[in-house]
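Worksheet: one structure, shown below.
There are 2 protein chains.
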Amino acid sequence: MNYPNGKKQDSSRSAMANTGKAFSNRGMSLEEDINITNSFYLDSAIAVIHKKPTPIQIVKVNYPKRSAAVITEGYFKQASTTDYNGVYRGKHIDFEAKETKNKTRFPLANIHDHQLNHMQAVVKHGGISFLLIRFAQFNETYFFPVEKLFPYWDDKLSGKRKSIPYQIIKNEGYVIPFHYQKRIDYLAIIDKLYF
Amino acid sequence: MNYPNGKKQDSSRSAMANTGKAFSNRGMSLEEDINITNSFYLDSAIAVIHKKPTPIQIVKVNYPKRSAAVITEGYFKQASTTDYNGVYRGKHIDFEAKETKNKTRFPLANIHDHQLNHMQAVVKHGGISFLLIRFAQFNETYFFPVEKLFPYWDDKLSGKRKSIPYQIIKNEGYVIPFHYQKRIDYLAIIDKLYF
Chain A
82 MNYPNGKKQD
92 SSRSAMANTG
102 KAFSNRGMSL
112 EEDINITNSF
122 YLDSAIAVIH
132 KKPTPIQIVK
142 VNYPKRSAAV
152 ITEGYFKQAS
162 TTDYNGVYRG
172 KHIDFEAKET
182 KNKTRFPLAN
192 IHDHQLNHMQ
202 AVVKHGGISF
212 LLIRFAQFNE
222 TYFFPVEKLF
232 PYWDDKLSGK
242 RKSIPYQIIK
252 NEGYVIPFHY
262 QKRIDYLAII
272 DKLYF
Chain B
82 MNYPNGKKQD
92 SSRSAMANTG
102 KAFSNRGMSL
112 EEDINITNSF
122 YLDSAIAVIH
132 KKPTPIQIVK
142 VNYPKRSAAV
152 ITEGYFKQAS
162 TTDYNGVYRG
172 KHIDFEAKET
182 KNKTRFPLAN
192 IHDHQLNHMQ
202 AVVKHGGISF
212 LLIRFAQFNE
222 TYFFPVEKLF
232 PYWDDKLSGK
242 RKSIPYQIIK
252 NEGYVIPFHY
262 QKRIDYLAII
272 DKLYF
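Protein sequence lines correspond, in order, to chains A and B.
Position 118, counted from 1, in the first sequence is what our numbering calls 199; the numbers after and before it change by one each time, with no gaps.
Position 57, counted from 1, in the second sequence is what our numbering calls 138; the numbers after and before it change by one each time, with no gaps.
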């Protein structure tokens, strides 16, 4: 499958997941790790959290006789919300996952204005909203509550800065240890922070 | 825009919404009414509830130079969850909307097994899940809590029946009055039932 940014998914990485050789976290994308984690949560009746489908603007569809409708022209649309949401222990969960190859900072260009507005609204209405940020070079994934993002976002809007330093995320965020099944066990962090 | 069932959206109906002539509910689809209602909830800071994008299986994408990626082969996938979810007064909200032209019953074939499993799981984890059912011929829309759906679903699984009689939905469900802005004010029902 291809992605909007023109990158192809590395099929050798997906294959690794199936052979069970990916015992270390290295080599799988954050999205793949989150999907595996969410499947584990669902199958173990821990939580119901899904990735939303990619929004597509459908322009042309063909309806061949005796077979499925085929979309022959469509475009990727920018998401107006976050990618993941669901319910855990009665709470609404809503988050965005971002991976960076940067070693010193997390560029805020990774988050869109309307996504931040959405996360703010979710928190206002009593939901739990956060970022999962992976620094790919260090193979570290952090839980970063959206409330801690707001001051940096204000700095971005006022032109003061365009990123959050790695050290800030390390200090103010919560590193998520890697497990084999619960690869990115972000609910463990939620248990500590919100219950 | 075309839909998986091969129906084209009636553009004259969408146009009506913009001219403000659609003062009666008649003439707009349930989906359009829900979208308008959800926009009102969002703009009025009442709740954050969105329709999920239609899941698409992307097969081929072209990347023309200097212009946006074009999906040239894609297929509609069956949704594994419900169409709408979000957060209201701290509660996770999760529902499916279905319209029928039937005057005497709501056919359960409108709901897929995995959607019912999903709604069951949402309730188990403390979310609020329900159906919005419109009987188009009567122009009536009902809020039907998913807990009341379960016995009829069991009857369906055991081969006893394939639908819920209209009278049952009228008696056990909650009719949603039509308003101009909050066209389908389902949160008013939630206020009464869950708070």
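Quick reminder that beta carbons are idealized off the backbone N, C-alpha and C, glycines included.
In the DSSP assignment, B/Ser120 falls within the alpha helix (DSSP H) that extends over Leu111 to Asp124. For B/Pro246, the uninterrupted beta strand (DSSP E) run begins and ends at Ser244 to Pro246, by DSSP. For A/Phe216, the uninterrupted beta strand (DSSP E) segment begins and ends at Ile209 to Phe216.
A/Val168 sits away from B/Val129, with the two beta carbons spaced by 8 Å or more.
When 7 Å is used as the limit between beta carbons, A/Pro258 is near no residue of chain B, the shortest such separation being about 24 Å.
When secondary structure is reduced to three states using DSSP, A/Ala190 falls in the helix class.
Nearest CB-CB separation between B/Arg170 and chain A: below the 8 Å threshold. Judged by their CB atoms, B/Ile115 and B/Ile265 are nearer to each other than the 8 Å cut-off. Contacts with chain A (Cβ-Cβ distance below 7 Å) from the segment 136–165 of chain B involve Pro136, Ile137, Ile139, Val142, Tyr144, Ala149, Ala150, Val151, Ile152, Thr153, Glu154, Gly155, Tyr156, Phe157 and Thr162, listed in chain order. In this structure, the alpha-carbon of A/Ile245 lies about 13 Å from that of A/Pro226.
Short of 6 Å from the beta carbon of A/Asp175, and not among the five residues preceding or following it, lie these beta carbons of its own chain, in chain order: Thr163, Asn166, Val203, Gly208 and Ser210. When the five nearest sequence neighbours on each side are left out, the beta carbons in the same chain lying within less than 8 Å of the beta carbon of A/Thr181 are those of Phe187, Pro188, Asn191, Ile214, Arg215, Phe216 and Ala217, in order along the chain. What B/Pro134 touches in chain A, judged by beta-carbon distance under 9 Å, is Lys133, Pro134, Thr135, Pro136, Ile137, Lys158 and Ala160, going in chain order. In the three-state reduction of the DSSP assignment, A/Asn252 falls in the helix class.
Neighbourhood of B/His199 in chain A, by CB distance below 8 Å: Val129, in chain order. No Cβ-Cβ contact shorter than 8 Å links B/Ile139 with B/Phe157. Counting only unbroken stretches of 3 or more residues, the beta strand (DSSP E) elements lying wholly within the segment 133–191 of chain B are 137–143, 151–157, 165–169, 172–181 and 186–188, in sequence order. With a beta-carbon spacing of about 5 Å, A/Tyr247 and A/Thr185 fall inside the 8 Å limit used to define contacts. Residue pairing by DSSP puts B/Val129 in a beta bridge opposite B/Val168.
Nearest to B/Gly171 by C-alpha distance, out of A/Asn198, A/Phe121, A/His206 and A/Leu274, is A/His206. 8 Å or more divides the Cβ of B/Tyr223 from the Cβ of B/Tyr275.
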